[in-house]
Amino acid sequence: MTLRSSSRAFSRTATAGAITALTLMTMGGGAMAQVVPSATNGATLYATKMCTSCHTAPPKLTDSNLVYSGASAARIKNAIYGAGLDSKGRMTAGGGQMGLYMATGFIPLADADLNDLAAYIAQSVNSATYPLQCVASSATTPTTASPATTAACPVPTSPAVSLSSTAQAFGNIQVGATGTATITVNSTGTGALSITSIAMVAGSNAAYSVSAQTCGTVPATIAATSGTCTVTVQFAPTVAAAATGTLNIATSAGTQTVSLSGTGTAVPTPVAGLSSSAAQAFGNVNVNATGAAKTITLSNSGNADLTGINITVPAGFTSSTTCAATLPAATSCDITTNFAPTTAGAASGNLSIATTNGGTHTVALSGTGTAPAITLSASSLSFTALAGGTSAVQHVTLTNSGNGPLTISAVGLPAGFSASANTCVATIAAAATCGLDVTFTGAALAATGTAAAVTITSDAATSPTLNLTGNTLAANAPVLTWSGALAGVAAPSVTVGTAVTTGTTTTQTITLNNVGQSATAQALTVNLIGANAADFTASGTCLTAAAVPTTTGSNSCTVIVSFAPTSAGTKTATLTVNSLDGLPPVSVALSGTAVAPAAAPSSSGGGCTLGAADQPMDPLWMLMLGGAALVWRRRASRQAV
Numbered sequence: 019m020t021l022r023s024s025s026r027a028f029s030r031t032a033t034a035g036a037i038t039a040l041t042l043m044t045m046g047g048g049a050m051a052q053v054v055p056s057a058t059n060g061a062t063l064y065a066t067k068m069c070t071s072c073h074t075a076p077p078k079l080t081d082s083n084l085v086y087s088g089a090s091a092a093r094i095k096n097a098i099y100g101a102g103l104d105s106k107g108r109m110t111a112g113g114g115q116m117g118l119y120m121a122t123g124f125i126p127l128a129d130a131d132l133n134d135l136a137a138y139i140a141q142s143v144n145s146a147t148y149p150l151q152c153v154a155s156s157a158t159t160p161t162t163a164s165p166a167t168t169a170a171c172p173v174p175t176s177p178a179v180s181l182s183s184t185a186q187a188f189g190n191i192q193v194g195a196t197g198t199a200t201i202t203v204n205s206t207g208t209g210a211l212s213i214t215s216i217a218m219v220a221g222s223n224a225a226y227s228v229s230a231q232t233c234g235t236v237p238a239t240i241a242a243t244s245g246t247c248t249v250t251v252q253f254a255p256t257v258a259a260a261a262t263g264t265l266n267i268a269t270s271a272g273t274q275t276v277s278l279s280g281t282g283t284a285v286p287t288p289v290a291g292l293s294s295s296a297a298q299a300f301g302n303v304n305v306n307a308t309g310a311a312k313t314i315t316l317s318n319s320g321n322a323d324l325t326g327i328n329i330t331v332p333a334g335f336t337s338s339t340t341c342a343a344t345l346p347a348a349t350s351c352d353i354t355t356n357f358a359p360t361t362a363g364a365a366s367g368n369l370s371i372a373t374t375n376g377g378t379h380t381v382a383l384s385g386t387g388t389a390p391a392i393t394l395s396a397s398s399l400s401f402t403a404l405a406g407g408t409s410a411v412q413h414v415t416l417t418n419s420g421n422g423p424l425t426i427s428a429v430g431l432p433a434g435f436s437a438s439a440n441t442c443v444a445t446i447a448a449a450a451t452c453g454l455d456v457t458f459t460g461a462a463l464a465a466t467g468t469a470a471a472v473t474i475t476s477d478a479a480t481s482p483t484l485n486l487t488g489n490t491l492a493a494n495a496p497v498l499t500w501s502g503a504l505a506g507v508a509a510p511s512v513t514v515g516t517a518v519t520t521g522t523t524t525t526q527t528i529t530l531n532n533v534g535q536s537a538t539a540q541a542l543t544v545n546l547i548g549a550n551a552a553d554f555t556a557s558g559t560c561l562t563a564a565a566v567p568t569t570t571g572s573n574s575c576t577v578i579v580s581f582a583p584t585s586a587g588t589k590t591a592t593l594t595v596n597s598l599d600g601l602p603p604v605s606v607a608l609s610g611t612a613v614a615p616a617a618a619p620s621s622s623g624g625g626c627t628l629g630a631a632d633q634p635m636d637p638l639w640m641l642m643l644g645g646a647a648l649v650w651r652r653r654a655s656r657q658a659v
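Under my numbering, read the sequence shown as residues 19 to 659, first letter to last.
Take a look at the structure:
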């Protein structure tokens, strides 16, 4: 090994045998240069020169004891500067230049060599008294040594270091996550390894940091040869980008570096979407019915699972779905909604699709619950038929008085009754009507019928009652019915007049027939009833005839209905004809419309008016003027002759 001095141009192998004494001398007292000492080089200087040749006994000067106490490198150096060596190689008082006395002559030591030697002495001492007083293996143990025992000279040591890795690649780490790596520091030299710093190099990406280390409080020392400690580095990226850094581990064997690399990657994110977010309008749907289904698709176009899916709908609406609680990336599922109102009226709200990591999505829903209702034009009908014969047809009007479509699946008639026409087994729109024409077939013998109800099967909440009564007459009983367009029509109606001016009268003649086989209808009574009966009057032969014979005779009579309104508006009344034979009354509904008379033209208005000058001349004046003219002409004629 080459010595660190201006005169270190000699090697250990070249000089080891020639050196007989190590002479430390001070030739001046100037300040030492400030350099970093090397205990390793100091050990080479001390051990190679055979320390017993340097001093055979402890120095007697006060500061010289610091050479052995190891108080500090600086104080050791001061002690060396404060002593000299006598002719036997022992420290003596005095001063002068320090150097090595060799066979070839004196070689001075530079300040750097003295620093190295002092550093080694300070590093090597322990609690024993004078541990540096030693003998080489080939030297005779001094008899005057103090303390009495001596030890062999210390073997030179040298720290060394190696790392488990000098390049650490973290690979891809998601933003928000943390990757870690452990670097092992190995002490591989013959001397203890001192660690003075563990830190990231300036300019390293902030995503890198030292998260832990087992080397102890820095500066720290780890044992020679097999001592180890670990340094844990973490990579915690905050942005999606590549990042680099450098870790420095400064030691007494030199600074070690570890290059770091890694890439921050974006966090996988689900992306939820709907095939349509447009409002879903279900329109009118009957209460307790279900409307037409509507379906939308939920998709996840992201690169992570969509989780925590929860689907809700407002009251009155239903939903079904193929979606599970989790929807994987790049997949989809369907959500079907429907409107099933339980009460009438408008209903609205949102289909809500909530997720844990993809937000909440809504679709507006609306619909109106409708309830059909049935209203009949009559609550009961009474029929009369000859034994074995068929009664006149009576018509019933059924109206859907609700606000939703009415579906009638069946109309059931009791025994003895039949429908000659039926338009009601169908779907009836709100406010629309259908008709039922009913006839009664008389029994074999005359009998008074009992009431039986018509059954109407529909989706309405309730159905009104229509009671039917059938009476069977003897074969020779009279049967009265209106003729013409009114024949066989139950509760027929007649419009007596339209736009009839109040104060005027219009009439309508109605004919009544006896279509029985042989009996005569006796003692007819004609009545007008209703809210506006006073606006109608009745006359005709039905009021004066004592009876109406059967078809074998003059089997008809007439009722002349007069409409004489006293005020404007629609007027209604009912005309009924009864007989003393116990027959059911025959009725017809009457109606008429009255209007107020037109107002007289105003004299101040437009058009022409006649004044006095426009009136025709009085005839007397005309005669007088004509005579005067004749006399004047005759006089004129005579004068001309």
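Note that CB positions come from ideal geometry on N, CA and C, so glycine has one too.
Please read these numbers as outputs of a predicted model, since none were measured by experiment.
- A residue is called buried when at least 16 other Cβ atoms come within 10 angstroms of its Cβ; Gly280 meets this threshold and is buried.
- Membership of Cys351 in the beta strand (DSSP E) is indicated by the continuous run 349 to 357.
- With a 10 Å radius around the Cβ and a threshold of 16 neighbouring Cβ atoms, Pro286 comes out exposed.
- Counting only unbroken stretches of 4 or more residues, no alpha helix (DSSP H) element lies wholly within the region 221 to 301.
- In the displayed model, Asn375 falls within coil according to three-state DSSP, outside both helix and strand.
- Take the alpha-carbon of Phe357 and the one of Ile329: they are about 16 Å apart.
- Taking a C-beta distance under 8 Å as the contact criterion, Thr202 and Thr239 do not qualify as a contact pair.
- A straight line joining the alpha-carbon of Leu394 with that of Leu486 spans about 13 Å.
- Distance between Leu292 and Ala389, taken at the CA atoms: about 33 Å.
- Here the C-alpha atom of Ile191 lies approximately 17 Å from the C-alpha atom of Thr250.
- For Thr576, the secondary structure class from DSSP, reduced to helix, strand or coil, is strand.
- Sequence-distant Cβ neighbours of Ala296 in its own chain, meaning closer than 8 Å and more than five residues away, are Val381.
- At the C-beta level, Ala614 and Thr524 stay beyond 8 Å of one another.
- Put simply, of Thr360, Ala322, Ala465, Pro359 the residue whose alpha carbon is nearest the alpha carbon of Thr373 is Ala322.
- Taking a contact to require three or more Cβ pairs closer than 8 Å, the region 437 to 449 and the region 261 to 277 do not qualify as touching.
- Assigned with DSSP and collapsed to three states, Gly502 falls in helix.
- Contact check between the region 395 to 414 and the region 311 to 327: fewer than three CB pairs, one atom from each, fall below 8 Å, which does not count as touching.
- With 16 or more neighbouring CB atoms inside 10 Å of its own CB, Ile371 falls in the buried class.
- Within the same chain, Cβ atoms closer than 8 Å to the Cβ of Ser229 are found at Thr198, Thr250, Val251, Gln252, the five residues on either side in sequence being excluded.
- In this structure, the beta-carbon distance from Ala582 to Gly548 does not fall below 8 Å.
- Annotation: the continuous alpha helix (DSSP H) that includes Cys560 extends over 559 to 562.
- Among the bridge pairs identified by DSSP, Thr555 is matched with Ser580.
- Linking Gln274 to Cys351 through their CA atoms gives a straight-line distance of about 57 Å.
- When rounded, the separation of the alpha-carbon atoms in Leu431 and Ser574 is 33 Å.
- Counting only residues of its own chain and dropping the five nearest sequence neighbours on each side, Ala311 has a CB closer than 8 Å to the CB of Thr354, Thr355, Asn356.
- Note on Val257: under 16 other CB atoms within 10 angstroms of its CB, so exposed under the neighbour-count rule.
- Rounded to whole angstroms, the gap between the alpha carbons of Phe435 and Gly407 is 12 Å.
- Within the same chain, Phe401, Gly434, Phe458, Gly467 come within 6 Å of Gly488 by CB-CB distance, once the 5 residues on both sides are set aside.
- Residue burial annotation: Asn375 is exposed, with fewer than 16 other C-beta atoms found within 10 angstroms of its C-beta.
- The DSSP-derived three-state label of Asp455 is strand.
- DSSP places Leu593 inside the beta strand (DSSP E), whose first and last residues are 587 to 596.
- A residue is called buried when at least 16 other Cβ atoms come within 10 angstroms of its Cβ; Gly263 meets this threshold and is buried.
- A contact between stretches requires three or more CB pairs, one per stretch, nearer than 8 Å, and the region 201 to 218 meets this requirement with the region 176 to 192.
- The bridge partners DSSP lists for Thr543 are Asn596.
- Around the Cβ of Thr184, a 10 Å sphere holds fewer than 16 other Cβ atoms; the residue is exposed.
- When Thr246, Ser182, Thr315 are compared, the shortest CA-CA separation from Leu345 is found for Thr315.
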